Every structure is written in structure tokens, then in C-alpha cells.
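J.: So that we are looking at the same thing, I have put the structure below in C-alpha cells.
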Amino acid sequence: MIKKIVIKGAKEHNLKNVSVEIPKDQFVVITGLSGSGKSSLAFDTIYAEGQRRYVESLSAYARQFLDKMKKPNVDLIEGLSPAIAIEQKNTSKNPRSTVATVTEIYDYMRVLYARAGVPYSPFTGKPITSQTITQIVDLIKKLPKKSTIYIYAPVVRGRKGEYRKDILSYKRRGFRKIKIDEVLYDIDKAPELDKKLKHDISVLIDRIVLNSNLGNRLAESIETAVNLSNGLVFVEYEDETLPQKFRKIEKLIYSTKFACPESGFTIEEIEPRLFSFNSPYGACAECEGIGIKLNVDPNLVVPDEKKSIADGAIEPWAKSTTLYYAQTLASIAKHYGFSLDEKWKKLPKKFKDVILFGSDEEEIKFVYDDGYEKYSHKKTFEGVINNLERRFLESDSEWKREAIAEYQSDSACEGCNGNRLKEEALCVKIDNQNISDVTKKSILDAANWFKGLEQNLDKRQFKIAEHILKEINERLTFLLNVGLEYLTLSRESGTLSGGEAQRIRLASQIGSGLTGVLYVLDEPSIGLHQKDNVKLINALKRLRDLGNTVIVVEHDTETMENADHIIDLGPEAGTNGGEIIAQGTYNEILKNKNSITGQYLSHKKYIEIPRTRRLAKNGRFVEINGASGNNLNNVNLKIPTGSFTCVTGVSGSGKSTLILQTLYHALNLTLNNKARKVPKAFKGYKGVELIDKIIDIDQSPIGRTPRSNPATYTGAFGPIRDWFTALPESKTRGYKPGRFSFNVKGGRCEACEGDGVITYEMHFLPDVYIQCDECKGTRYNRETLEIKFKDKSIADVLNMSVDEGCEYFENISNIKTKLLTLKKVGLGYIKIGQQATTLSGGEAQRIKLAKELSKRSTGRTMYILDEPTTGLHQHDIKKLLEILHTFVALGNTVVVIEHNLDVIKTADYIVDMGPEGGVKGGNIIAEGKPEDIIKIKGSYTGEFLKPMLEEKFKKKLKI
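The sequence shown: position 446 = 446 (full-length UniProt numbering), numbered continuously.
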């Protein structure tokens, strides 16, 4: 058996015919500068080939359901094991996906509650016991006399199938009528059922007129129904004592299993699906299991309370070109006797409520003048918010619905209070907690609760729950071991950071106990404080110790120190990378003179600590007071203007809630007319007049299609097309700038519609991408490509790297300036026309930085960045910091959420949150210069920052 993975001639992307041997059953780190080829080697070569070989070993039928992978560009790979990738990108954005469902903990919880849970009546609070047949008969006898009742046995409920044999069996037993999907048929005339659809089937047991001479017939019919349907009885009746026009069919459900005899509250069945918010049998009917509903938000309808109604305080109506809304508001003001020129915030609450929510039953005289005639009528007023919600539901116009949607925000569903489940599911409890109560707990609290159940369950319950609890406790322990104790089980997976999502999948893999597998991970340390790094490293080592090969693409120094083997790619990025510079143990990399990574690890290269820290511009701060969203504990935040502020703290301490969901949304709502996101709860803010613009530079893609690229996003493509349009040959032909766009007809190749490739779907084989025969992948037609500058067509320009483009357009300042900004943020290696979908989150963030860098600075902008060091080598972080400090030097304010100590040590001001994550966090525990933070006890950031600021360390770095 080969104890190493042998790779020969890897040429994927920028890899330059790389050959390497990787030891198996080891913890291996692949490192190097951003764009040096790490992911190309780890994911696009090793993982892609391992996955492809596994998929090809399956049947043709099975292959059509799996991800299709093309063969990587490599001569030979030997010694591969089945491969599993744990990446950052594949986090589900589905609101139905939660931490509990992703880890399968929720599946076990559903079984636990279905088998060991006790139902309680929501009306009486007493445990619900099963009904006897006698009790059911007595309840039916209380129905209005002379009513005709129909007794049904529900034999199929929401299940797929044809059920021919079953229906034939009921016919042989003498039943004559059957209800299928709410339609009653003679059993002889029952239709053929589609086996792919879900059906409801009930057998009509008896039709009885309620009178005093029923004898034993009712009891016998109920018993027959119970036996046929395993405990359930449906009863339908019409109250024949009422006049015909008031009659309607009433449906009652009885169960010999669970029902409240006092209130009549009945649970049809307690099965695992009752606790699933993804199933119609468990999901709240109002929100369909999402837990939230979109409602028109008063804060968005009146975004600026300093305005009067006459000045447009009611924004959605103020935007309207018709006079109808203005005349409506004028009539209301006249009726209640208030002025339209009065500022909104000074109006009495009663008048505000009438305008927003309506006048209830009070009629108002409305006067309208359409320019032709004047008319009036008296009626109640529905209110602006009710008007918008009604129009949203009634409108067929997508444009109108989108316009109204701007004024909507999420709020907890009123039907289930955000619990996602039906009342029947929420009334089932264990240890006085329903399933939703448990999922709202943090992983740490949930682990303690489940462990405590062993003492709190009775013998019968514990016997049922023993194996389920073992599985749940194991999974929770794995999550604790990778530093995720602060996450709640109900947290939507779409809101997790890339590092959190990776660690959840990592915990799942440790729990699976597989051996002989090749795991490939992409920077799992992202979003992790140094304090929790050791937990992650131990988790990776445990995966290795189970008998697996663990390959991690990583820049973190501590991870490299613990690795068995390191592979360093470079020497630089893009076309200047793609080679193996060094490999071996940590100490061997440290001593390698050719390795830039080694030079940083040995401190021959380093990121300097600033000699002075900037103070707030004129000693002034932007402040948020009383922030209490999520886990924040009435926090007061101060951000010094004109300085570089780092917000730090352990994972889950509240950094993103405070900075992104409170500070950014609050200021953006004030400074940006188009902003619609409502901030998390806070009491007030100060200093907003000190900034004129706030920009959030996140890691979301710069475009969702291959047509979007760095040139189009940064605005460089416009000047490039203009330059080609201005060439003599273009003028002669009468070409306009649109001729050089691959998004519109004219200059693009119509065979591939400007894509450059033609896609052929191959069903259970991978899709085949064939270069377009017509344009040979250039995207343009022959006539467009004939226009050349310095012997290069526009297609050649798009295929250049940014570095090459800077030289090529050396004398054309408006193009060179745009490209230089990309080079400054360390992206000289990417292609000018590289597809946006191939860019990493870190690269996308730096392209956004480049775009901001190319704009003229006002000196009063606040830039907010969330972990900008994602995917960056120390060498790249050095370049990034130069740019961020350039922003500050121009008078702007930069706020960075970061764990990287190299970034933190260069900050002018630090806001450290904690002390822990989740409910134990949500406080600012330290703030000030880095030199102040290291003196504060209880600050984990200060603890890890201290060695980097100590005098002996400075001397070592020759600072």
C-alpha cells in the first residue's frame, strides 16, 4: 500500500507542471501567497481527482444525482483515497437550514420528542391522555340532535402511493364509500392514484342520524374506525338545527391516543414529522415553518422623524406622483386638527397611529380634487401601513410589489412567535421544555440540558431515550471541541461565517468516525480567535489520528507549527507563482531562504508596528448608545473619527451584531436615501454629522454570473472600450463603445452569445464545455477582433493579468489608474476579464477596496470591513494594511472586525468584546490603544497581543 500521494505534472490554472509527494495519514498544510496556486493544488487537483474517481466507480444511475467533476489537468496521481472537501463557499442560504439540522442533531431531537415527549394541553396546562372509545362516543352524543354524522377512518394521510390493494381489501370487507383527497367516491369507482403524489384516504365507516335510539351502533362504528386507522376517527357533520344558509360541514378529530377531554384539544399523532418545520404536518401554517414574516415597518415608512408630512415624512406616499395621497393626508389633518407642517416626532401618538394604522370605526370626510371636479365622501381610513400591505398582496405588478417590499422588514411570525412549529408540536414537552425551547439554547447550554435529562426522565422515558441521547451528546461534544459553544442550535446556517460553517462540517466528519479518507479544508481558522485556535488544531489532529489524511490550505502560524508537513507555493502570485518553493517540517520551512512564508515565520520579514497611534480627529467620536440586539448587553460604542479602529473579541462575542447589524445599518439608514435595512435595537447615536458616507466592504461576490469581472466592476472596462472605439480603424467603421461589449449584440460572438464556450449537458456525465468554434473562446466576432492596439485585440486585453495591463496601458492614465488600484490591493496576478464566479471571497473584497481606492476621497467616509485578511498571506496583509492606512491618512475612518494579530497591533484604537461568546458575551470589556488593551485583565485579545508589543519583541524585529 502506497503511504504517500504522488502527483506528477499538475498544470491546473497557474500550476507550472508541479510534481510533489504528500505523506498519507498526516496533518499537511499547504501555504503560500494569495494566488500562488494553493487551492489549485489542494481542491482543483487533489480533491477533484479523488472525488471524480469515487463518482466514476458508481453506477450510471447513481452518477446522475451527484456533482459532476471534470478531470483535472495532471499527468499522474497515485495513492489517492476517497476525498471529502470542507470548503467555505458551500454554506446553505436556505432559511430552513439551521445548526441543528446541518449537524443532524434536530433529526434525533424529533425522534426523542415523538417517543419520550409528554403532550400538555395549551388550554388547561395538564398532560393530555389518550381517549377511550366510551369518551369519544360521549363527546359525539353531545353534538346537536338530529344532525347526520359521517364517521371516517383515516387510513392514509399525506403519503405517496397507488393503494390499489388496500382499496380492494376495504371493498372485500364490505365498505362501500371511500374519500380520496377530500372527494367522496363509491368504492367501485375509486380513481387510479398517481404514485408520485401524496394522498389522503379515509374509509366511510357509518352514516348516523343522532337521536336517542342509537343503541350500540355508534360505539361499534367508532371501534371499527379506530381499529382500521390505528387510533384515529374523523367525524363530519352539519348542524341541521340551523337554517340552511348558516350550515357548514364541521370536522372533528378524535384519538384513542392523545386528546384533552376538557378543552377538546387533540393531537392526531405524535410522530417525528410533527416536529419538522419543513413538513406541512409540523410547520406553522402562517409562516410555513420559516418563523418570520415580512411586514411593512413603521421605521422604514417614516425614516426621518424630523420631517413634516408636508416635507415627505411618509416616504412611500411622498414618492407618489398622484395628488390622491396628499389630499387624503390633508383631509385627515383637517378632521383631527393638526398641521401637516408639524414635524412628525412632535405629533401626538394618537394622530401618528391613525395615519399609520387607520381610524378603526371613526369615519373621516375626505375631499378630493382631480382638476376636473371636486368631490367628497365619508369613510373610515385604513392606514398607510395597512394600505401598503393590502396593495402588496393584491397587486399583480412585480414592479409595484418590489417598490412596497423596500418598506418591509422581518418580524417574528405572530402565529408561532418565531418557533416555526404548530401548536400541537409545541405542546409536547420533556423536562418542561418543548423542542423549540431547546433549539434556542446555545450549544453549551443544550449540552448541559441533555446531560441533565438522565436524572430528570422516568425509567420508561430513559429506556426509550438512552440511545438517542448518546448520539445527540456526541455531536454536541464535537461542536464544543471546535469552539462553537456560543452558537444556538436554531441559528440559520446562512448567517454563519465561512469559518463557523466549516467547523460545523468538521465536527460532523469527526462524528462520522470514517477512516482512510482524504480531507481537504479551506482556511478553517477564519473567524476564530487565537484563544480557540488550539481547539480547532486538536480537532484536525483527531481527524488525522482516526487514520485519515488531512490537507489544510492555511496561513495561520499556529496551525503550521502543529502540522506534520508543510508545502509552500510561490514564489509570488498568478503567473509568478504555481511552483513549490519549499516543503518539509515547520523548522525546515523556517530555514528556507527562498520561502517568503519562512521569512515571515522567522521574523526576517515582518509587519511593522506604527511608531505613533492616531487620536480621534479633533477628539471626536461616532457613538452608538444602548445597543441591545442579539446578545448585546446595552452596549455603548465609541469609534474615533479619522483613525483605524479594530473590533476584536472571541467568536460569538457580538462584534458583527454591534458593527454590521447596528452601527452600519443605523448610520446607513440616516446617510443613504436608498437604505432599507433596519438596525438591531439601540437607544440613540451621536456624531453622525462627522461622516458623510458609510461603506461596508464585505466578501460577497462582485457578480453572480461569469459575465461580471474585475474590469466591469471597477469601471476599467468602460475606458478600455472607449479607447478601442477611438482608434482610427474603429472610427472608419463607425463602431461605438457597445461594439466592444460581450453582453450585447453587435460585436460579440453570437454563436456562444459572448460566453466564449458552449455547454453540452451530458446527464450522468459531467457537463462538457467546448470552446466556441466560431470565436475560439475570445467572446467577440471576427470584425471586432480586427481592431487592434499595439497588436492586441480587446479579447487579448481581457486575457492579460492586471500587472501586464498596467505596462500595456502605461501611457493611458484613465485606464492605468483603475488597474493600478487592483495592483495596489495585491491583485496584480488576476486576469483583467477573469470571471467573477472564480474569485474567492477575499479577492472579491479586495476588488471592492480597489474600487473605493479609485474614487476621490471626501475625507469623511467611514469604511467597515469584516475580516479582510481572509485568504491572505502575511505578505499580502502587509499590502492590505498600507491601503487601509492610506484611507485613514486622507482623513477617513476605517473600522475592521478582525482576529489577525498583525492587523490588531497596527490599529490606532481597539474595541475588545467578550468576555466569552453567546450569552456570556455582548459586552465591551476593553477599549483604547493596543498598549492600553494589553494591561486589562480578562481581555483574551490583550493576552495574545502582549508578546507582539513587548519591548524585547520590538528589538527582535528591529523596530
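The beta carbon of each residue, even a glycine, is placed where N, CA and C say it ideally should be.
The model shown is predicted, which means the values in this text are computed figures rather than measured ones.
Please list, in chain order, all residues of the same chain as Leu469 whose beta carbon is under 8 angstroms from its beta carbon, the five residues on each side excluded.
T.: Excluding sequence neighbours, Leu469 sits near Leu112, Phe450, Leu453 and Glu454.
J.: Tell me which same chain residues have a C-beta within less than 7 angstroms of the C-beta of Ser442, skipping the five on either side of it?
T.: Once the five neighbours on either side are set aside, the close Cβ partners of Ser442 are Glu485, Tyr486, Leu487, Thr488, Gly918 and Val919.
J.: By a C-beta neighbour count over all protein chains shown, 10 Å radius and 16 as the cutoff for buried, is Ile959 buried or exposed?
T.: Bear in mind that a pLDDT of 32 at Ile959, under 50, signals an unreliable position, so the number given afterwards is only what the model happens to contain. By the neighbour-count rule (16 or more Cβ atoms within 10 Å), Ile959 is not buried but exposed.
J.: Could you have a look at Ala716 and say whether DSSP puts it in helix, strand or coil?
T.: The answer is coil: DSSP assigns Ala716 none of H, G, I, E or B.
J.: Quick one, are the C-beta atoms of Glu21 and Val74 less than 8 angstroms apart?
T.: No, they are not a contact pair.
J.: Measuring only the C-alpha atoms, how far is Ser121 from Ala283?
T.: One C-alpha to the other measures close to 19 angstroms.
J.: Per DSSP, what kind of secondary structure is Ser255 in: helix, strand or coil?
T.: Ser255 falls in the strand class under three-state DSSP.
J.: May I ask you to verify whether the region 848-861 touches the region 686-695, counting CB pairs closer than 8 angstroms and requiring at least 3?
T.: Yes, since at least three Cβ pairs between the region 848-861 and the region 686-695 fall closer than 8 angstroms, the two stretches touch.
J.: What does DSSP give as the partner residue(s) for Gln433 in the beta ladder?
T.: For Gln433, which the question treats as bridged, DSSP gives the partners Ile430.
J.: Suppose the cutoff is 6 angstroms on Cβ atoms and the five residues either side in sequence are ignored; what does the same chain contact list for Gln530 look like?
T.: Hits under 6 angstroms: Phe944.
J.: Return helix, strand or coil for Asp360, following the three-state DSSP convention.
T.: Three-state result, Asp360: coil.
J.: Kindly list the residues whose CB is nearer than 6 angstroms to the CB of Glu162, restricted to its own chain and excluding five residues on each side of it in sequence; keep chain order.
T.: Closer than 6 angstroms at Cβ, skipping near neighbours: Leu193 and Lys195.
J.: Using only the alpha-carbon positions, how far apart do Leu480 and Ala85 sit?
T.: Their backbone Cα atoms lie some 22 angstroms apart in a straight line.
J.: Give me the Cα-Cα distance between Gly312 and Thr321, rounded to the nearest whole angstrom.
T.: Rounded to whole angstroms, Gly312 to Thr321 spans 12 angstroms at the Cα level.
J.: Going by the DSSP bridge assignment, what does Glu236 pair with across the sheet?
T.: In the DSSP output, where bridge partners are listed per residue, Glu236 has Tyr150 and Lys251.
J.: Give me the Cα-Cα distance between Lys222 and Arg172, rounded to the nearest whole angstrom.
T.: According to the sequence displayed, residue 222 carries Ile and not Lys. Between Ile222 and Arg172, the C-alpha separation is close to 20 angstroms.
J.: Is Ala62 near Ile270, with beta carbons less than 8 angstroms apart?
T.: No.
J.: For Leu242, count the other beta carbons within 10 Å of its own beta carbon; 16 or more makes it buried, fewer makes it exposed. Which is it?
T.: Burial call: exposed.
J.: Under a three-way DSSP split, which group does Asp369 fall into?
T.: Reduced to three states, the DSSP call for Asp369 is strand.
J.: Please return the same chain residues whose Cβ sits closer than 6 angstroms to the Cβ of Glu579, not counting the five positions on each side in sequence.
T.: Correct list, in chain order: Lys16.
J.: The alpha helix (DSSP H) with Asn636 in it runs from where to where?
T.: Looking at the DSSP string, Asn636 is not in any alpha helix (DSSP H); the run it does join, the beta strand (DSSP E), is Val635 to Pro640.
J.: Pick out whichever of Arg707, Ile136, Lys350 and Lys422 has its Cα sitting closest to the Cα of Lys257.
T.: Looking at the Cα atoms, Ile136 is the closest of the given residues.
J.: Can you tell me which of the three DSSP states Thr439 falls into?
T.: Looking at Thr439 - three-state DSSP - the assignment turns out to be helix.
J.: Using CA coordinates, which residue listed in Thr732, Lys823 and Glu238 is at the minimum distance from residue 963?
T.: The chain is shown only over 1 to 959; residue 963 falls outside these bounds and no answer can be derived.
J.: Give the DSSP-derived three-state secondary structure of Val825 in the structure shown.
T.: Note: Val825 maps to coil in three-state DSSP.
J.: Based on Cα-Cα distance, which residue from Asn892, Ala225, Glu423 and Glu236 lies nearest to Phe265?
T.: Phe265 has its Cα closest to that of Glu423, out of Asn892, Ala225, Glu423 and Glu236.
J.: Quick one, are the C-beta atoms of Ile208 and Ile151 less than 8 angstroms apart?
T.: Result yes, Cβ atoms of Ile208 and Ile151 sit closer than 8 angstroms.
J.: To the nearest angstrom, how far is the alpha carbon of Asp353 from that of Asn386?
T.: Roughly 12 angstroms between the two C-alpha positions.
J.: Counting only runs of 3+ residues fully inside the region 829-894, write out the beta strand (DSSP E) ranges in chain order.
T.: Runs found: 861-866.
J.: Could you give the residue range of the alpha helix (DSSP H) that holds Pro930?
T.: Element bounds for Pro930: Pro930 to Ile933.
J.: Can you give the beta carbon distance from Ala465 to Ala116, rounded, assuming they're within the 8 angstroms contact cut?
T.: With 8 angstroms as the limit, Ala465 and Ala116 qualify as a contact, their Cβ atoms being about 5 angstroms apart.
J.: Report the CB separation of Leu540 from Thr515 in whole angstroms; it is logged as a contact under 8 angstroms.
T.: The pair is not a contact, with the Cβ atoms about 15 angstroms apart (cut-off 8 angstroms).
J.: Consult DSSP for Met109 and reduce its assignment to one of helix, strand or coil.
T.: Here Met109 sits in helix by DSSP.
J.: Taking the beta carbon of Trp399 as the centre, do at least 16 other beta carbons fall within 10 Å, making it buried, or is it exposed?
T.: It is exposed - the Cβ of Trp399 has fewer than 16 other Cβ atoms within 10 Å.
J.: Taking buried to mean at least 16 other C-beta atoms within 10 Å of its own C-beta, is Asp396 buried or exposed?
T.: Result: exposed.
J.: For the region 31-70, list the beta strand (DSSP E) runs that are entirely contained and at least 3 residues long, ordered along the chain.
T.: The qualifying runs do not exist here; there are none.
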